[in-house]
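Using this note's numbering, the letters of the sequence shown map in sequence onto residues 3 to 116.
Glycine included, C-beta positions come from ideal geometry on N, C-alpha and C.
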Amino acid sequence: PFVFNWKDQWVYALGADYRLNPQLTLRAGYNYGTNPVPSSTLTPLFPATVEKHLTAGFGWLSGNKTFDFAIERAFNKRVTNNNPDPQVNPFGPGARVDHSQWTVSLGISWVLDR
3 PFVFNWKDQW
13 VYALGADYRL
23 NPQLTLRAGY
33 NYGTNPVPSS
43 TLTPLFPATV
53 EKHLTAGFGW
63 LSGNKTFDFA
73 IERAFNKRVT
83 NNNPDPQVNP
93 FGPGARVDHS
103 QWTVSLGISW
113 VLDR
């Protein structure tokens with residue numbers, strides 16, 4: 003079996019929302035978390051290495067429904083694998099993983115007793 007040997011991490015997050023009017027709430031946030039993946043078990047199959055995230059979004063209240071939208075940017079993090087084991091790193095030691103990501107979230111919720 004493949005062992006990741008991930009480390010515990012600290013994640014720091016700061017977020018805010020601002021109610022622009024009774025229907026519209028604006029949101030923004032940032033978080034930083036240390037990379038939990040040791041370079042000895044880094045694999046391109048699961049590159050959970052990003053450390054910095056920026057988010058923005060809004061919520062819209064309409065009657066008993068809330069519509070939410072959010073977008074998140076995980077900024078690029080480059081890590082180099084130093085493990086020669088081909089089961090862990092099929093690309094060999096010195097292989098680099100660059101990982102960044104965009105995530106979009108949509109949600110709808112209903113208030114049952116308003």
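The criterion of a C-beta distance shorter than 7 Å is satisfied by residue 75 and residue 56.
Out of 14, 12, 31, the CA that lies nearest to the CA of residue 72 is found in 31. For residue 96, the three-state secondary structure derived from DSSP is coil. Fully enclosed beta strand (DSSP E) runs of no fewer than 3 residues occupy 54 to 64, 67 to 82 of the region 42 to 97, in order along the chain. The beta carbon of residue 100 sits closer than 7 Å to those of 78, 80, all from its chain and outside the five residues before and after it, given in chain order. Shown here, residue 8 sits in coil according to DSSP, grouped into three states, outside any helix or strand.
Counted as a single uninterrupted DSSP element, the beta strand (DSSP E) harbouring residue 19 occupies residues 13 to 21.
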